[in-house]
Every structure is written in C-alpha cells, then in structure tokens.
Amino acid sequence: MRERSLLDLDDLTSAEITGILERARRFHDDPPPRNLLRDVCVVNLFFEASTRTFTSFAIAEQRVGADVVALPPGSSSLGKGETIADTAITLAAMGVRVIVTRHPESGFPYRLAESFAGHVINAGDGRHAHPTQALLDLLTLQTEFGKIAGLRVALVGDILHSRVARSNILGLIALGAEVTLVGPHTLLPEAMQRDGVRIARDLDAVLPHIDALMLLRIQRERIAAAVLPSLDDYARNYRLDARRLEALAPGTIVMHPGPYNRGVELTEDVFAFPGWRYAQQVSHGVFVRMAVLDFLVNGAA
Ligand code: ASP
Ligand code: CP
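Position 193, counted from 1, in the sequence shown is what the numbering used here calls 194; the numbers after and before it change by one each time, with no gaps.
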C-alpha cells in the first residue's frame with residue numbers, strides 16, 4: 002500500500018485536520034519525546050526560495066529526532082538529466098522515508114508522490130497548494146478564538162496566484178468558517194466563486210464585519226509583467242493602513258503568511274496593531290510541522 006502523503010488539505014478529513022491541530026497544540030504545551038521519528042530519514046528538497054517553511058520544517062524534523070538531509074536541487078544529479086521519478090526511486094532505495102518539497106510548478110509533489118515509496122509533504126507548489134501554511138493559520142485562529150466554526154475570515158489581495166489562499170479556503174470551509182475573498186478582478190476573478198465563499202471588491206465595506214483578516218503578497222514571480230496591477234491602485238484600494246485598522250471591530254486579528262512587502266499590502270502601522278499575529282503564525286509553523294510528520298509516519302492515534 003502506498004504511504005500517506007500531505008499534498009493539500011483535501012487529503013485530510015475534517016476530523017484529521019482537527020486531530021493534527023490538537024497534536025500541534027499538545028506539542029506546543031508539552032514538547033514530545035525527541036525519539037518520535039528516530040531512524041526516520043527526511044529529505045528537504047526545495048526548488049524555490051523559502052525562509053519560514055524550509056527553516057521550520059528543519060527545526061520540526063530535528064525536534065522529533067528525524068535524520069535530516071537538505072538536498073539543494075542545484076547540486077543534485079537532476080542537473081545531469083536524472084528525472085524526478087528516478088531521484089525518488091534513488092532516495093527510497095537509501096531508506097529515505099519522507100520528502101518535503103517546494104516547487105514552482107503546480108502539481109509537482111503529486112508527480113513525485115507517484116514515484117516515491119514514502120511520504121511526500123507539499124511545502125508549496127506553484128499557485129496550487131501550501132497545506133502546512135493553512136494548518137498553521139488554522140492553529141493561529143483556533144488559539145485566538147477557541148474555535149474555527151462560524152468565524153468570519155477575509156482573505157485579501159492576490160487570491161488568483163496564491164497557494165496559501167487555496168489551501169486556507171479548503172481548511173476554513175472544512176472546519177465551518179465563513180470565508181470572504183477580497184480583491185480586484187485581475188487578482189480575484191468571479192470564477193473563483195465557489196460554495197461557502199463570498200467575493201467582495203470593497204475592502205472598506207468588509208473590515209467592520211470580520212474576526213480575522215488574512216493579507217496576501219502579490220505573487221510577482223507568478224504574474225506576467227504586462228498584467229501586473231498598478232501598485233498605486235492596489236495600495237489605494239487594498240493596503241492595510243492606519244485608517245483601515247481603525248475600521249476593524251475590536252478583537253479582530255490580522256494575519257500574513259510572510260514574506261510581507263512593506264508599503265504594498267500593509268503599512269508599518271500594522272506592526273503596532275495589537276491584533277497583528279504574524280509572529281504567532283510563524284511560531285505555530287514548527288508545531289504544526291512536527292504534528293504532520295508524526296501523523297504521517299506514526300499514524301493517526
Ligand atoms: N510564503 C508563502 C508561499 O510560499 C506566501 C508568499 O510567498 O507570498 O506561498
Ligand atoms: N510563508 C511561507 O511559506 O514563507 P516562505 O516562503 O519564506 O517559506
């Protein structure tokens with residue numbers, strides 16, 4: 002039987018998502034034994050830049066006692082013409098049990114999982130999915146509000162090119178949140194409308210009526226220069242600044258997956274806002290990734 006992978010949140014049932022969040026919370030409150038993944042070899046194979054995800058996976062893997070190898074694709078034999086399928090076969094033959102991968106091409110981890118006799122964890126593929134980011138965002142919401150069901154969550158900005166948005170939408174809907182997507186037509190086409198999701202164009206009208214605001218970075222690396230929106234227009238309509246912070250209801254939190262671009266999706270006023278939860282998100286990333294590794298390798302118990 003093929004080993005279980007985490008390629009997107011629809012690989013998990015709602016109960017499994019909740020179970021992983023509980024496990025992450027447990028690991029946060031009470032560090033797990035260092036031998037949870039003893040003798041399990043994990044390879045981190047990142048084809049695209051990453052600060053948070055790469056580092057927090059490496060920390061999480063070490064905290065659960067895995068043997069960790071970082072394989073920079075530029076110095077792998079992929080450059081000599083070896084295919085990714087043959088790379089996967091080769092790593093499995095050495096006893097590698099888990100590959101954590103990030104790639105600019107949507108669907109890449111799915112292809113890898115077809116050839117790899119172990120667990121694949123998607124650390125971000127193109128504009129498709131970033132499941133561990135969504136899990137850490139869910140953990141942040143749950144920590145703040147004690148629940149996800151019924152929360153009113155708005156995602157703002159470049160929804161079209163955002164794997165963070167796509168995975169978060171799956172997770173938020175699965176756990177019963179009310180999701181509003183906010184952005185201009187160029188970054189949020191009507192076609193993104195789906196059950197359980199509302200589309201709005203006017204951020205100012207949305208601000209007073211939400212519990213959490215998730216800001217997104219414009220994915221310049223995934224957008225042809227010719228169709229990039231004007232940053233002045235974008236900032237005027239969608240940047241979170243002092244005036245817009247004032248419009249939020251008391252207790253609203255503001256999140257961002259990082260990296261954020263100062264002056265584009267937010268101004269520095271946001272960093273002094275009491276509901277700014279970026280640091281908590283980053284910190285939760287380590288516990289969520291420990292929980293995902295434990296869930297995949299050791300099972301659902
Ligand atoms: N770091 C996140 C990602 O890799 C968000 C972003 O880059 O904007 O998807
Ligand atoms: N949030 C996130 O995925 O950050 P990195 O791209 O730095 O890993």
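Where a beta carbon is used, it is the ideal one built from N, C-alpha and C, also for glycine.
Spatial neighbours of residue i within its chain, please: CB distance less than 7 Å, with the 5 preceding and 5 following residues excluded, ordered by chain position.
i: F48; result: P74, R103, H104 and P105
i: R263; result: E269
i: G66; result: R35, N36, L37, L38 and R39
i: F28; result: F288, M291 and A292
i: G96; result: C42
i: R53; result: G259, V283 and G286
i: L208; result: R245, A248 and L249
i: H120; result: E4, R5, S6, R98, V99, L297 and V298
Following a CB-centred definition, is residue i positioned closer than 7 Å to any heavy atom of the ligand ASP?
i: P132; result: no
i: G127; result: no
i: R3; result: no
i: P258; result: yes
i: R218; result: yes
i: V165; result: yes
Please list, in chain order, all residues of the same chain as residue i whose beta carbon is under 8 Å from its beta carbon, the five residues on each side excluded.
i: T268; result: R240, L241, D242 and A243
i: L22; result: L136, L139, L140, Q143, V289 and A292
i: V198; result: I170, I174, V180, T181 and L182
i: E115; result: A86
Nearest by alpha-carbon distance to residue i: which of the options is it?
i: F109; options: T56, R98, L92 and T84; result: T84
i: S57; options: A280, A192, I90 and R263; result: A280
i: I211; options: A201, R218 and I219; result: A201
i: S168; options: D203, D138, G158 and G177; result: D138
i: A150; options: L173, G177, G158 and D126; result: G177
i: D12; options: G96, V69, N123 and M95; result: N123
i: T253; options: L152, L189 and A175; result: L152
i: R300; options: S15, L8 and G20; result: According to the sequence shown, residue 300 is Gly rather than Arg. The option with the nearest alpha carbon to G300 is G20.
i: H129; options: V69, F274, A59 and S107; result: S107
i: L229; options: L37, G158 and K148; result: G158
i: R237; options: Y261, E222, I219 and V265; result: V265
i: V70; options: R53, A213 and V99; result: V99
i: A225; options: L188, D234 and I90; result: L188
i: R112; options: E62, I90 and T133; result: I90
i: R164; options: P275, H131 and L92; result: H131
i: D203; options: R278, D234, L72 and S78; result: D234
Going by DSSP in three states, residue i sits in which element: helix, strand or coil?
i: A226; result: helix
i: R103; result: strand
i: F117; result: coil
i: I254; result: strand
i: R263; result: strand
i: M291; result: helix
i: V283; result: helix
i: A301; result: coil
i: R112; result: helix
i: L1; result: Given that the chain is displayed from residue 2 to residue 302, the structure contains no residue 1 and the question cannot be resolved.
i: L216; result: strand
i: L241; result: strand
i: V41; result: coil
i: R278; result: coil
i: R202; result: coil
Please go through the same chain and pick out, in chain order, the residues whose beta-carbon is closer than 6 Å to the beta-carbon of residue i, but skip the five residues on each side of it.
i: L171; result: L10 and D11
i: I60; result: V287
Heavy atom of the ligand CP less than 7 Å from the Cβ of residue i, yes or no?
i: T52; result: yes
i: F48; result: no
i: F274; result: no
i: F55; result: yes
**Study point:** Uninterrupted beta strand (DSSP E) stretches inside the segment 122-200 (no shorter than 3 residues)
**Key:** Correct list: 153-157 and 179-183.
Practice item. Output the residue ranges of the alpha helix (DSSP H) runs that lie fully inside the segment 46-76 and measure 4 residues or longer, sorted by chain position. Key: DSSP assignment within the segment 46-76 yields the following whole alpha helix (DSSP H) runs of 4 residues or more, N-terminal first: 53-64.
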